[in-house]
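In terms of the working numbering, the sequence shown is numbered consecutively and its last residue is 1407. Glycine is no exception: its CB is placed at the ideal position from the N, C-alpha and C atoms.
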Amino acid sequence: MRRYDDPVEVRRGWVSGPGHTGEGPEQFVWHGRLWKVRAVLAHWVETGPWWQSSGARAVIGSDEPAGGGDGGALPAADLLQERELWRVEAGRGPDRAGVFDLSFDWADGRWQLVGCAD
């Protein structure tokens, strides 16, 4: 799967798939092209990298710096940040289809395309 960090415009609607039935991405526009979601393959939530905070490293006894000049401390907001991920099969017609990872960031209400295998 190729990795991306591209903004997408998403239209939500009723979708179903393994472990999810309810509202989710029904269509999205990526690079000016409309993709229709055919199936939700997976749906999960990721939290911020709390394990990189100085507090977590102190609990596990790691003296390893987390990287960066701030001693590895992460702002509390970063530790609580969540994003919702959707792996979907989507198509642009009968012949053009692929698997896409879409991310919704609850902090700013923004959708991103983060992965694609087409």
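Beta bridge pairing from DSSP links residue 1309 with 1306.
Residues of the same chain with a CB within less than 6 Å of the CB of residue 1299, apart from the 5 flanking positions on each side, are 1314, 1317, 1400 in chain order. The beta-bridge partner set that DSSP reports for residue 1298 consists of 1318. For residue 1375, the enclosing beta strand (DSSP E) stretches over residues 1371-1380. Excluding sequence positions up to five before and after residue 1370, its CB lies within less than 6 Å of the CB of 1337, 1396, all in the same chain and listed in chain order. Less than 9 Å divides the Cβ of residue 1375 from the Cβ of residue 1331. By the Cβ-count criterion, residue 1295 is exposed, with fewer than 16 other Cβ atoms from all chains shown falling within 10 Å of its own Cβ. Judged by their CB atoms, residue 1291 and residue 1404 are nearer to each other than the 9 Å cut-off.
In the structure shown, residue 1396 adopts coil according to DSSP, grouped into three states. Cβ atoms of residue 1327 and residue 1387 stay farther apart than 8 Å, at about 10 Å.
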